[in-house]
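Heads up: the sequence shown at position 371 corresponds to 507 in the numbering used here, and the numbers run straight through without jumps.
Here a beta-carbon is modelled for each residue, glycine too, at the ideal position from N, C-alpha and C.
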Amino acid sequence: MNTILTMILAGALMFGEPPRVANKTQPEGDPRPVSLVEDLRIGPETHEDVGFWPGFSVKVAVNAAGLTAVADDRENRIVVFNHDGSLNRILGGFGQGPGEFQHLRRVQFLADGRLVAFEAQGYFAMTFFDKDLNYVEKITPRTAYLCHHYEFSPKADLAWADTVRNSGGHTERGTQVLKPNGDIVHTIQTHKVMHFRQDKMMEPAFWAEYIGDQLKKQAQGLGGFGAFAPDGTLYTAVGKRYEITQWRADGTGKVRTITRDTKPNRLTEAEIAAVIKPIRQSIKAQLPPDVAAVVTPSVVEKAIDHAGFLPGRMPINGLKVMEDGTLLVITDYNRLTGLSTADLFDTDGRFLGSFQHPNAGLQNMVFKNGYATTIETDEDDENTLVRYRIQRGEGKTEGRTPTKPKP
137 MNTILTMILA GALMFGEPPR VANKTQPEGD PRPVSLVEDL RIGPETHEDV
187 GFWPGFSVKV AVNAAGLTAV ADDRENRIVV FNHDGSLNRI LGGFGQGPGE
237 FQHLRRVQFL ADGRLVAFEA QGYFAMTFFD KDLNYVEKIT PRTAYLCHHY
287 EFSPKADLAW ADTVRNSGGH TERGTQVLKP NGDIVHTIQT HKVMHFRQDK
337 MMEPAFWAEY IGDQLKKQAQ GLGGFGAFAP DGTLYTAVGK RYEITQWRAD
387 GTGKVRTITR DTKPNRLTEA EIAAVIKPIR QSIKAQLPPD VAAVVTPSVV
437 EKAIDHAGFL PGRMPINGLK VMEDGTLLVI TDYNRLTGLS TADLFDTDGR
487 FLGSFQHPNA GLQNMVFKNG YATTIETDED DENTLVRYRI QRGEGKTEGR
537 TPTKPKP
C-alpha cells in the first residue's frame, strides 16, 4: 500500500500536480494540540516610561538571541527588550534621517540576525539593521504597486505581500508571492475596490459604497494570507476556501495542497456589527467633524448591504507556522467574545487538532526559541507584550490574558 501511495505521489509531482492532503472534520489518530503558558508580561505596570502602550497596531519580532523588537507605529520607533524583559535599546523615531521612520508598520528578524523595518503609507520602504542592530540602509523598491504588508522568507530570498495599485477607475488589492527585487512570482488573489473620492466626501451614498467595499475582504473572504516555515517553504490561502497551498522555498512550484472538511457556521447580526465597528471608527477618526457626521448608522447599514456578507463565517482568517513546522490555520476571530480559534497541521499536512486563544493576539503571534510572543490589548486600550511557553497540551492558553477584542 505504501509503495502504491509513493508511486501516486511521485507521478503527481512528475506531471506537475502536487499531492493533495484531504483531512476530515476530526484528526485521524491521536490529536496533538498545543497549550500556551504565560511566561513574561511587559506592559504599563512594568515599563510605563517606555510609552508605546496606546499604539493602534503594534507588532513584534524575536531573534535567536532572545531579543524582542516592538514596532511602535505611533512613535515611529522600535523598542527592543532583552529576554528577561529589561529594556535593551530604542531604535529610530519620527524623521527622514538614517534609521528613522515616517510610517513604521512592522519589523522582522531574518535568519542571519538582521532586523528589517517596513514602512507603508503612500509609499513602501525597508530599513535594514545588522545583527548588532546598527543601521545599514533604507531601500525603497520601484514597483507598480504599494505593499501594505510584507514578509520575507527566513533568508530573504522570497517574500509574500498584500499589494495595492491603481487599476482603471478602481483600486486593485492583491496577495502576491514576490522576488526580492519586487517581481511577482505568483498571484494568490486580486479584487477591486473603489477609489477614495475627496469630491464625494459629503455624500452619504459615497460612504455607504466606500465602506462597503472595504468590508468585502472580510464579508466575502476575498483576502489572502501567507506564512513562511523555518525551511523557507511558503503557505498561502484565500479566506473563502479551506485550502492551503505550500510552495517550494525557491517559489518555483507547489509542494502540496491541504484541505479540511468543515461545518458551516453562520454569522450573527451582532458579529457583523462588531466587524464593521472598528472600520467605521478608524475612518471617522481620520475625518474632520463635519465629514465624520455624514457616516451615520443608516450609512453603515447600507454599507453592510453593499458588502454582501455571506451567510457563513469565512473558513480561513490567517496563517502562522511554529518553529517545528506545525502550521496554524486561524479559522475564526470572534469580535464579540475576543476568542481566536486555529487548526494545527503537521509538516505532511495532516490535521492534528484545534487550539483556542482568549484574544486577538494569535493574529500577530511570533514563534521563536520555544516561546510564542505577541501583543494583546486590555480593557483600557493599552497594549501588553506577552510571552508564552509552548507545550503540547489541551489546546488552550493559561495565564492572565486580557479578553478585550482588538480591531
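Item: Own chain partners of ASN218 with C-beta closer than 6 angstroms, once the 5 adjacent residues on each side are dropped; Value: ASN224
Item: Beta-ladder partner(s) of PRO174, from DSSP; Value: Going by the sequence as given, residue 174 is Glu instead of Pro. DSSP, once it has assigned bridges, lists TYR524 as partnering GLU174.
Item: Whole-Å CB distance - ARG416 paired with ILE347, under 8 angstroms assumed; Value: 7 angstroms
Item: Beta-carbon gap between THR467 and THR477 smaller than 8 angstroms; Value: yes
Item: Where VAL321 falls: helix, strand or coil (DSSP); Value: strand
Item: Residue burial classification, GLY389 (beta-carbon count within 10 angstroms, cutoff 16); Value: exposed
Item: C-beta contact flag for ARG301 and ALA280 at 8 angstroms; Value: yes
Item: Cβ-based neighbour list, GLN257, same chain, cut-off 6 angstroms, excluding 5 preceding and 5 following; Value: HIS239
Item: Among GLY485, MET501, PHE481, GLY506, nearest to PRO169 - alpha-carbon criterion; Value: PHE481
Item: Inter-residue Cα distance where the pair is ASP319 and ARG278; Value: 10 angstroms
Item: Straight-line gap, ARG525 to VAL173 (C-alpha atoms, nearest Å); Value: 5 angstroms
Item: Helix, strand or coil at ASP426 [DSSP, three-state]; Value: helix
Item: Residue closest to THR307, alpha-carbon to alpha-carbon, out of ASP349, ASP175, ASP460; Value: ASP349
Item: Extent of the continuous alpha helix (DSSP H) run through TYR579; Value: Outside the modelled stretch of the chain, which goes from 137 to 543, sits residue 579, for which no answer is possible.
Item: Pairwise C-alpha distance: GLU518 and PRO180; Value: 8 angstroms
Item: Contact check, ALA385 vs GLU379, beta carbons under 8 angstroms; Value: no
Item: C-beta atoms of GLY221 and LEU176 nearer than 8 angstroms; Value: yes
Item: Same chain, Cβ closer than 6 angstroms to PRO234, five either side skipped, listed in chain order; Value: TYR271
Item: From ASN505, GLY444, ILE408, residue whose alpha carbon lies closest to that of LEU358; Value: GLY444
Item: Burial state of TYR371, where buried means 16 or more other Cβ atoms lie within 10 Å; Value: buried
Item: ARG156 in three-state terms, based on DSSP; Value: strand
Item: Under 8 angstroms between C-beta atoms of GLY368 and THR311; Value: no
Item: Closer than 8 angstroms to chain B by CB, GLY359; Value: This model lacks chain B altogether; it includes just one protein chain.
Item: Close-in-space but distant-in-sequence residues of the same chain around GLY454 (CB under 6 angstroms, 5 per side omitted); Value: PHE361, ILE466, GLN499
Item: Test item: CB-CB of THR520 and ILE214 under 8 angstroms; Value: no
Item: Burial state of SER289 (16 or more Cβ within 10 Å); Value: buried
Item: Three-way DSSP call (helix, strand, coil) for GLN244 in this model; Value: strand
Item: Length of the line joining the Cα atoms of VAL206 and GLU287; Value: 16 angstroms
Item: VAL418 - containing alpha helix (DSSP H), residue span; Value: First, the residue type needs correcting, since residue 418 is Ser and not Val in the sequence shown. Counting along the chain, the alpha helix (DSSP H) containing SER418 begins and ends at 405-421.
Item: Local conformation of GLU287 per DSSP, three classes; Value: strand
Item: Alpha carbon of LYS399 to alpha carbon of ALA261, nearest angstrom; Value: 42 angstroms
Item: C-beta contact flag for PRO316 and ALA297 at 8 angstroms; Value: no
Item: Sheet register partners of ALA261 (DSSP bridge); Value: GLU255
Item: Beta-carbon spacing of ARG528, ASN159 below 8 angstroms; Value: no
Item: Proximal residues to VAL430 (C-beta, below 8 angstroms), its chain only, five neighbours per side dropped; Value: MET337, MET338, GLU339, PRO340, TRP343
Item: Per DSSP, the bridge partner or partners of MET330; Value: HIS306
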